[in-house]
Amino acid sequence: MNNDLAYYGGNPIREEFLPYGRQAIDDDDIKAVVEVLKGDYLTTGPFVKKFEDAIKEYTGAQYAVAVSNGTAALHAACFAAGIKEGDEVITTPLTFAASANCVLYCGGTPVFADIDSETMLIDLSDIERKITDKTKAIIVVDYTGCVCDYDKIIDLAKKHNLVIIEDAAHSLGSRYKEKYVGSFADITTFSFHPVKHITTGEGGMITTNNPVFYERLKLFRTHGITRDRELLKEGIHQSYYYEQLELGFNYRITDIQCALGLSQLDKIDKFVEKRKELVAEYNRLLKGNEYIILPIEKEYSHSSWHLFVIRLKNDKIRCDRDEFFKYMLSENIGVNVHYIPVYHHPYYKSLGYNTGLCPVCEEIFQEIITLPLFPSMNCDDVNNVVEALNKVIKYFISK
Ligand SMILES: *Cc1c(COP(=O)(O)O)cnc(C)c1O
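As structure tokens, then:
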């Protein structure tokens, strides 16, 4: 009985592999893209602004700047915040490397604050402990879609004169109390990678309510170049004239991508609703399971659920996560792990970051496993995942 795991030759729970995430593209999306391909502008055309305007309307932000991907959005955010050599920026280790790399791009130093053992979000008291007179900003990540207690983060930032950058790659459509993500941090960044809530293939967006940040973000997207007469330093010239004022990048996004983004954004409410239903089904089926810990969301957070991350009670199951992971994959369930703590990567080690920096994160990293979640899944799929989970748990506890 113990060896009916697919890994050891038994029948897998599913015939067909279920990925952990995937895009949902329909005929309207395809049509929107084809229309742009037939038109005059493939890039720097009208769809960029249309997409920016739609994101402003959806999030409630005053300004939006569309860029080539979520990492470019974070880089631009750090540039706008004025991060430079000698500056420290506090962020969480339980995130994709881009949340910290963006600080390094600007010559700054990422400082990792530990996570809260319940919510797995950055721990406010550890932020406070890690603030020095070099600290310039905090990059808060809405891990899995759940949001931190931003009122408290805003208080803290005010007290120490810090810029709040919200990495909202997971949280388009999430709310903090009544406010939509994108409307309350100093700068918020989004990603439209195919596993995120809406996709443009590759793509990103930055929102802000600050006009100074907005100008700097726009400059940064196009090499630091401007044609804006009010910004020119050398006077007004002929119409060909432009000036490079800063060292920016080519972080533009195409009209093809923005048309797709616009069409996808039309369906965001449906996507979020579906993700919430699937999460409710997971919670219903897994409630009371003594071998795992389900995600915990605080009352101020209304998650749009990018990821469904559970924690294995390793002691109770007598397993290690990597073994558990291997068995789940063999059952054709596309589990994943979000994330390897950023400073565990060899590159960060080479910069001098050591194991032991954030003990809570390191411990939780051994327990986390991401279960499949995307809008075209259905409740049968959720059932399969839970069946596989119970099958693997049973194998371990009866071993
Ligand atoms: C996806 C993601 C990014 C980067 O976005 P890209 O569009 O892939 O560059 C940054 N931070 C987090 C937390 C992410 O999940």
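In our numbering, the protein residues as written are 540 to 938. The beta-carbon is built from N, C-alpha and C at its ideal position, and this holds for glycine as well.
It is roughly 8 Å from the alpha-carbon of Arg561 to the alpha-carbon of Lys735.
Beta-bridge analysis with DSSP links Met744 to Ala605 and Phe729. Less than 8 Å separates the beta-carbon of Ala619 from that of Ile726. In this structure, ligand 1 has no non-hydrogen atom nearer than 7 Å to the beta-carbon of His883. Residue pairing for Arg791: DSSP places it in no beta bridge.
About 4 Å separates the beta carbons of Phe729 and Met744, which is inside the 8 Å limit, making them a contact pair. For Phe913, there is no enclosing alpha helix (DSSP H), since its DSSP letter is neither H nor E. For Phe590, the Cβ stays outside the 7 Å cut-off from all heavy atoms of ligand 1. Annotation: the continuous beta strand (DSSP E) that includes Thr674 extends over Thr674 to Val680. Across the structure, Lys691 and Val575 are spaced so that their CA atoms are roughly 44 Å apart.
Glu906 carries a coil assignment under DSSP once its states are collapsed to helix, strand and coil.
In the DSSP assignment, Leu851 forms a beta bridge with Ile831. With a 10 Å radius around the Cβ and a threshold of 16 neighbouring Cβ atoms, Thr894 comes out exposed. The three-state reading of DSSP puts Val686 in coil, since its state is none of H, G, I, E or B. Bounds of any beta strand (DSSP E) do not take in Thr598; it lies within the alpha helix (DSSP H) bounded by Pro585 to Thr598. Excluding its 5 nearest sequence neighbours in each direction, Ser802 has C-beta neighbours in its own chain below 6 Å: Asp567, Asp568 and Ala571, listed in chain order. In terms of CA proximity to Glu906, Ile849 leads the group Val680, Ile849 and Ile677. The residue among Asp681, Leu890 and Lys698 with its C-alpha nearest the C-alpha of Val720 is Asp681. Cys645 is the residue among Cys645, Ala637 and Gln601 whose C-alpha sits nearest the C-alpha of Gly787. With contacts defined as CB atoms closer than 8 Å, Thr747 and Tyr602 qualify as a contacting pair.
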